[in-house]
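Protein sequence lines, in the order shown, are assigned to chains B and Z. Residue 1 is where the first sequence starts when you use UniProt numbering, and the numbers rise one by one after that. Residue 1 is where the second sequence starts when you use UniProt numbering, and the numbers rise one by one after that. First up is the structure itself, then whatever we jot down about it.
Protein chains: 2
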Amino acid sequence: YRWFLIRCLDTASAASVEPSCKWDSDWDKRANDKAKATRNIILIRHGQYNLAGSGDKERYLTELGKEQAIRTGIRLKELGLAKLTTHFVKSTMTRAQQTGDLIYKQLENDEIPVEDSDLIREGAPVEPEPPIQSWNPDPKTFFLDGARIETAFRHFIHRANPEQEFDSTEVIVCHGNVIRYFVCRALQLPPEAWLRLSLRHGSITWLSVRPNGRVSIKCLGDSGHLPADKLTF
Amino acid sequence: YRWFLIRCLDTASAASVEPSCKWDSDWDKRANDKAKATRNIILIRHGQYNLAGSGDKERYLTELGKEQAIRTGIRLKELGLAKLTTHFVKSTMTRAQQTGDLIYKQLENDEIPVEDSDLIREGAPVEPEPPIQSWNPDPKTFFLDGARIETAFRHFIHRANPEQEFDSTEVIVCHGNVIRYFVCRALQLPPEAWLRLSLRHGSITWLSVRPNGRVSIKCLGDSGHLPADKLTF
């Protein structure tokens, strides 16, 4: 890996170097599918929850976490997304289920199909670079969670199916590590960089996947819809 | 560059590969300086402006652009940053000057020192990967702007000086391309990826640089403080 290390350090004179990583336009293996529409993928982190809880069921939303979720739902409605949302996915963990239900209610559109998914439960997607001392799951955890979260990425994040005629909005309510990994993978950035990103509770992260497979991020961790005294990490 | 191309495609099975790019903890050449404080760097994109203008002076803020700037200033005040801001920098382009002045006024703290900078004027930091057809500056533009914007990065984005005792907040009002390039460089992501990020007018992007040189992003293009009908790209 010696050459690559040199290339990394070279970013210091980025203005004059070769692109380090070519964009793979067939990253989702759908380049020949003739997609017509754009998929907007709205990734929501759950609200603040009871950190003292042991086990998932006790890790329910705090009162502040519920308020964050409600306000996030109101923001999505204000953005006009209630009519455009074609799919609504929730992680099966308690805090994501509660957050998702509160958001869904605010959208006031019972026709949006809902899916619960175990694939997007919180986990350890890949060893972060640089590592941190305070968070150090064992190799087995990365081994199991990594493949599962990558499976989730391939399942949920891709360009439109060819039969999709109109632009769509998918809302996915899940977890910080999952969202950060999805963002790195979707933008074709090194996945190990995921821990350099941080996301507030109830924040909105918006990916846009064009018919030609190009991906851009419209915002990461947008929490401006929450009053300053309701912000938590 | 063959090996690297293979590595890029390998992200498809990210869970089991070596880190692609080691974090350079001496990226700002200040690793031995014994910094004590954290620098919060708030990057603000200017408001909507008169696209029909020829030349910088005619590219002034629209009425909506002014409102965006005022609301962004109010948000920074709400976040408690008016008291914490130690430095306020504006690009010398008309739209950034106007935006910066409107924000500064909202902070209601005349003791914050102000700096105007030519280094952070809009430009073409580095050829984007993937390229786009609709934006294609000539090589000379990249050659000139690239080194200048990299100079700006090294000047403004770094860990605290050793004499800095308390955490600080720097507000930098500038431009989309400059902010996107700064984010890629600060997070040690490939700089050519900058065009995969997008930022709304008046949006807030927050970098945090710790004493040990670690950098994280708290939000990218946060515009939730703007009503939905005031959002523009």
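Just so you know, even glycine gets a beta-carbon here, dropped at the ideal spot from N, CA and C.
Going along chain Z, which residues have a C-beta under 8 angstroms from residue i?
| i | result |
| --- | --- |
| Asp-222 (chain B) | Cys-219, Gly-221, Asp-222, Ser-223, Gly-224 |
| Arg-159 (chain B) | Ordered by position in chain Z, no residue passes the 8 angstroms Cβ test against Arg-159 (chain B), which lies about 14 angstroms from the chain. |
So the candidates are the options; which of them puts its Cα closest to the Cα of residue i?
| i | options | result |
| --- | --- | --- |
| Glu-122 (chain Z) | Z:Arg-180, Z:Phe-88, Z:Arg-159 | Z:Arg-180 |
| Leu-76 (chain B) | B:Leu-51, B:Pro-130, B:Thr-62, B:Leu-102 | B:Leu-102 |
| Arg-196 (chain B) | Z:Pro-190, Z:Thr-141, Z:Ile-217, Z:Trp-194 | Z:Ile-217 |
| Ser-117 (chain B) | B:Pro-139, B:Gln-97, B:Leu-64 | B:Gln-97 |
| Met-93 (chain Z) | Z:Leu-79, Z:Tyr-49, Z:Val-126 | Z:Tyr-49 |
| Gly-73 (chain B) | B:Thr-99, B:Ala-52, B:His-155 | B:Thr-99 |
| Trp-194 (chain Z) | Z:Leu-64, Z:Leu-220, Z:Glu-78 | Z:Leu-220 |
| Ile-149 (chain Z) | Z:Ser-91, Z:Arg-95, Z:Asn-161 | Z:Ser-91 |
| Val-209 (chain B) | B:Arg-95, B:Val-173, B:Leu-199, B:Arg-159 | B:Arg-159 |
| Leu-144 (chain Z) | Z:Arg-39, Z:His-155, Z:Pro-131, Z:Glu-127 | Z:Glu-127 |
| Lys-36 (chain Z) | Z:Arg-200, Z:Pro-139, Z:Thr-86, Z:Glu-163 | Z:Glu-163 |
| Pro-211 (chain Z) | Z:Gly-176, Z:Lys-22, Z:Trp-23, Z:Asp-33 | Z:Asp-33 |
| Leu-119 (chain Z) | Z:Leu-64, Z:Lys-140, Z:Ala-152 | Z:Ala-152 |
| Lys-83 (chain B) | B:Leu-64, B:Gly-213, B:Thr-62, B:Pro-113 | B:Pro-113 |
| Leu-199 (chain B) | B:Leu-187, B:Arg-214, B:Asn-177 | B:Asn-177 |
| Val-173 (chain B) | B:Pro-125, B:Thr-62, B:Arg-95 | B:Arg-95 |
| Thr-85 (chain Z) | Z:Leu-51, Z:Asn-40, Z:Pro-139 | Z:Asn-40 |
| Thr-38 (chain B) | B:Glu-115, B:Gly-213, B:Phe-233 | B:Gly-213 |
May I ask you to list the residues that DSSP assigns as paired with residue i?
| i | result |
| --- | --- |
| Lys-34 (chain Z) | The partner list for Lys-34 (chain Z) (beta bridge, DSSP) is empty, contrary to what the question assumes. |
| Cys-174 (chain Z) | Z:Arg-45 |
| Phe-88 (chain B) | B:Val-114, B:Val-171 |
| Ser-198 (chain Z) | BP columns for Ser-198 (chain Z) are empty, so no partner. |
| residue 234 (chain B) | Nothing can be reported for residue 234 (chain B): it is not among the residues displayed for chain B, which extend from 1 to 233. |
| Val-215 (chain B) | B:Val-209 |
| Leu-220 (chain B) | Z:Leu-220 |
| Arg-39 (chain Z) | Z:Ser-168, Z:Val-209 |
| Ile-204 (chain B) | B:Ile-44, B:Asp-222 |
Who are the neighbours of residue i on chain Z, taking C-beta pairs under 9 angstroms?
| i | result |
| --- | --- |
| Lys-215 (chain B) | Checking the sequence, you will find Val at residue 215 (chain B) rather than Lys. Here the neighbours are Arg-196. |
| Gly-80 (chain B) | Ala-228 |
| Arg-121 (chain B) | The contacting residues do not exist; Arg-121 (chain B) stays about 15 angstroms from chain Z at best. |
| Leu-187 (chain B) | Leu-189, Ala-193, Arg-196, Leu-197 |
| Arg-45 (chain B) | Ordered by position in chain Z, no residue passes the 9 angstroms Cβ test against Arg-45 (chain B), which lies about 12 angstroms from the chain. |
Using a Cβ-based criterion (distance less than 7 angstroms to any ligand heavy atom), does residue i qualify as near the ligand SAH?
| i | result |
| --- | --- |
| Leu-107 (chain B) | Absence of the ligand SAH is noted for the structure shown, with no ligands found whatsoever. |
So which residues of chain B does residue i contact, with C-beta pairs closer than 9 angstroms?
| i | result |
| --- | --- |
| Cys-174 (chain Z) | The contacting residues do not exist; Cys-174 (chain Z) stays about 17 angstroms from chain B at best. |
Can you name the residues of chain Z whose CB is closer than 7 angstroms to the CB of residue i?
| i | result |
| --- | --- |
| Arg-75 (chain B) | Gly-224 |
Stretch-stretch touch, CB-based, cutoff 8 angstroms, three pairs: the stretch 106-124 of chain B with the stretch 27-44 of chain Z: Fewer than three Cβ pairs drawn from the stretch 106-124 of chain B and the stretch 27-44 of chain Z lie within less than 8 angstroms of each other, which leaves the two stretches out of contact.
With contact counted as at least three CB pairs below 8 angstroms, one residue from each stretch, are the stretch 129-142 of chain Z and the stretch 40-58 of chain Z in contact? No: the two stretches stay apart, fewer than three of their Cβ pairs being nearer than 8 angstroms.
Contact between the stretch 34-53 of chain B and the stretch 63-70 of chain B is defined here as three or more beta-carbon pairs at a separation below 8 angstroms; is this criterion met? A contact between stretches requires three or more CB pairs, one per stretch, nearer than 8 angstroms, and the stretch 34-53 of chain B meets this requirement with the stretch 63-70 of chain B.
Could you say if the stretch 183-203 of chain B and the stretch 154-174 of chain Z meet the contact criterion of at least three C-beta pairs nearer than 8 angstroms? The answer is no - the stretch 154-174 of chain Z does not touch the stretch 183-203 of chain B, with fewer than three Cβ pairs under 8 angstroms.
Would you call the stretch 195-210 of chain Z and the stretch 218-227 of chain Z touching, i.e. three or more CB-CB distances under 8 angstroms? Between the stretch 195-210 of chain Z and the stretch 218-227 of chain Z there are three or more C-beta pairs closer than 8 angstroms, enough to call the two in contact.
Runs of 4 residues minimum, wholly inside the stretch 61-110 of chain B: which ones carry the alpha helix (DSSP H) assignment? Here the runs fully enclosed are 63-78, 81-84, 94-107.
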